[in-house]
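Numbering (my numbering), first residue to last: 2 to 383.
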Ligand SMILES: C[S@@+](CC[C@H](N)C(=O)[O-])C[C@H]1O[C@@H](n2cnc3c(N)ncnc32)[C@H](O)[C@@H]1O
């Protein structure tokens, strides 16, 4: 029955919605809206939106094919003929002729005169960002897991490639993470960190802190960005031992040897160093179900100084269109990963309060698809 009033009948807004849904579902009404001059554009936009959602998988596969054949690199220097693209991508000419107009339709390339192509804006962005290309390739695996979404929804514990990939979170959580597993997921995280770090650093003045400890900081990409922007702050990460070891090496090679410490350990159970005045969790809390997220927050709370600041940055659920896109995507992604949740700021606040923190600020970023930011303090310290 849905939302009801006190008498058990649908309430007014639900009655209006029922009436509207019947009207919109009616084929005659749809024809009239599509013909009427004042509603024609609206009707067309609705049907294009619906088409995009319905065919989204095919569009993703077009993009995937473009990345896999190296199209963005082939066009890096300027316009290239269809024949030359076919040769360099090892495709029959007929297949290049099929793929390239589709790539144009999704906005990554555009025609450059007779039978030649150049990058369009979205293609130029993809060329300039290895992290986006890595994510597009990564989705080959995620989409295999999501090929049977109903099966996965009915049997959320089912074995998936995505859960195996994130060895610390899914089916193999607790078994220990091998060097190879850590290397594979950490490289993906590092390559996709640029855009996230810029959003966070523009949203919050990290420079007012003395030392940052990035918990689950991976190979140090966020700290490298923070350190470049704020040359005086100290930098430390706490991550699983194989990841911390790689972070140490990568940060030393990047010139941060004297400003950077890497601590290896388990952030659920091991003591966390207490000498930083700002603790960051970037794309970490969302990896874990509520019980584990709470264990992590409580362990942080136990370890850190009472005057410290905790910064949480990750995509969050909400009413903004970027938030809901992120929430729809991560909802299914985390299902495939068998762990984690895209939470609203209110849900994070509730976990924080249970763990002994008080939320002090919610900060919007320019692009919530990458991250929103929450600042919290140990309860009683504000
Ligand atoms: C999704 S990645 C995020 C990495 C980085 N913060 C970023 O945004 O690129 C999660 C990180 O948490 C680390 N991690 C997961 N479980 C952990 C545990 N029990 N103890 C310490 N680190 C852990 C992983 O090794 C990984 O580096």
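Note that beta-carbon positions come from the ideal geometry of N, C-alpha and C, so glycine has one too.
Hey, is residue i close to ligand 1, as in C-beta under 7 Å from one of its heavy atoms?
i	result
residue 331	no
residue 81	no
residue 179	no
residue 240	yes
residue 268	yes
residue 195	no
residue 247	no
residue 410	Within the shown structure, residues of the chain are numbered from 2 to 383, placing residue 410 beyond reach of any answer.
residue 288	yes
residue 192	no
residue 164	no
residue 169	yes
residue 285	yes
residue 244	yes
residue 117	no
residue 263	no
residue 187	yes
residue 237	no
residue 183	yes
residue 272	no
residue 222	yes
At the level of alpha carbons, what is the spacing between residue i and residue j?
i	j	result
residue 62	residue 199	29 Å
residue 125	residue 232	31 Å
residue 304	residue 271	9 Å
residue 136	residue 20	42 Å
residue 206	residue 212	13 Å
residue 237	residue 71	37 Å
residue 202	residue 289	24 Å
residue 214	residue 221	10 Å
residue 9	residue 25	26 Å
residue 294	residue 107	38 Å
residue 143	residue 381	43 Å
residue 69	residue 121	18 Å
residue 47	residue 359	43 Å
residue 164	residue 338	4 Å
residue 2	residue 18	Because the pLDDT of residue 2 is 49, which lies under 50, any placement of that residue in the model is unreliable, and the number read from its coordinates should be weighed accordingly. When rounded, the distance between both Cα atoms is 13 Å.
residue 364	residue 377	11 Å
residue 139	residue 208	34 Å
residue 75	residue 127	13 Å
residue 116	residue 95	13 Å
residue 347	residue 235	31 Å
residue 154	residue 162	16 Å
residue 277	residue 159	40 Å
Based on DSSP bridge pairs, tell me the residues matched to residue i.
i	result
residue 118	81 and 112
residue 239	216 and 264
residue 378	359
residue 366	In the DSSP output, where bridge partners are listed per residue, residue 366 has none listed.
residue 5	11
residue 280	214 and 311
residue 373	315
Between residue i and ligand 2, is there a pair consisting of the residue's CB and a ligand heavy atom that are separated by less than 7 Å?
i	result
residue 225	No copy of ligand 2 appears in this structure; the ligands present are ligand 1.
(request) Output the residue ranges of the beta strand (DSSP E) runs that lie fully inside the region 282-340 and measure 3 residues or longer, sorted by chain position. (result) Inside the region 282-340, DSSP marks whole beta strand (DSSP E) runs of 3 or more residues at positions 310-315, from first to last along the chain.
(request) Would you be able to state if there are at least three C-beta pairs under 8 Å between the region 323-338 and the region 359-376? (result) The region 359-376 vs the region 323-338: in contact.
(message) Give the list of continuous alpha helix (DSSP H) stretches no shorter than 4 residues that lie fully inside the region 8-43.
(response) With a minimum length of 4 residues, the continuous alpha helix (DSSP H) runs that stay inside the region 8-43 are 13-26 and 28-36.
(message) Between the region 237-253 and the region 174-190, can you find at least three pairs of beta-carbon atoms closer than 8 Å?
(response) Judged by Cβ distances under 8 Å, the region 174-190 makes contact with the region 237-253, as three or more pairs qualify.
(request) Evaluate contact between the region 310-318 and the region 252-269, counting only Cβ atoms and requiring at least three cross-stretch pairs below 8 Å. (result) The region 310-318 is not in contact with the region 252-269.
(request) Jot down the residue ranges of each uninterrupted alpha helix (DSSP H) in the region 51-105, minimum 4 residues, whole runs only, in chain order. (result) You should have 57-69, 72-75 and 83-89.
(request) Mind listing, in chain order, the continuous beta strand (DSSP E) runs of no fewer than 3 residues lying wholly within the region 143-210? (result) Here no run is fully enclosed.
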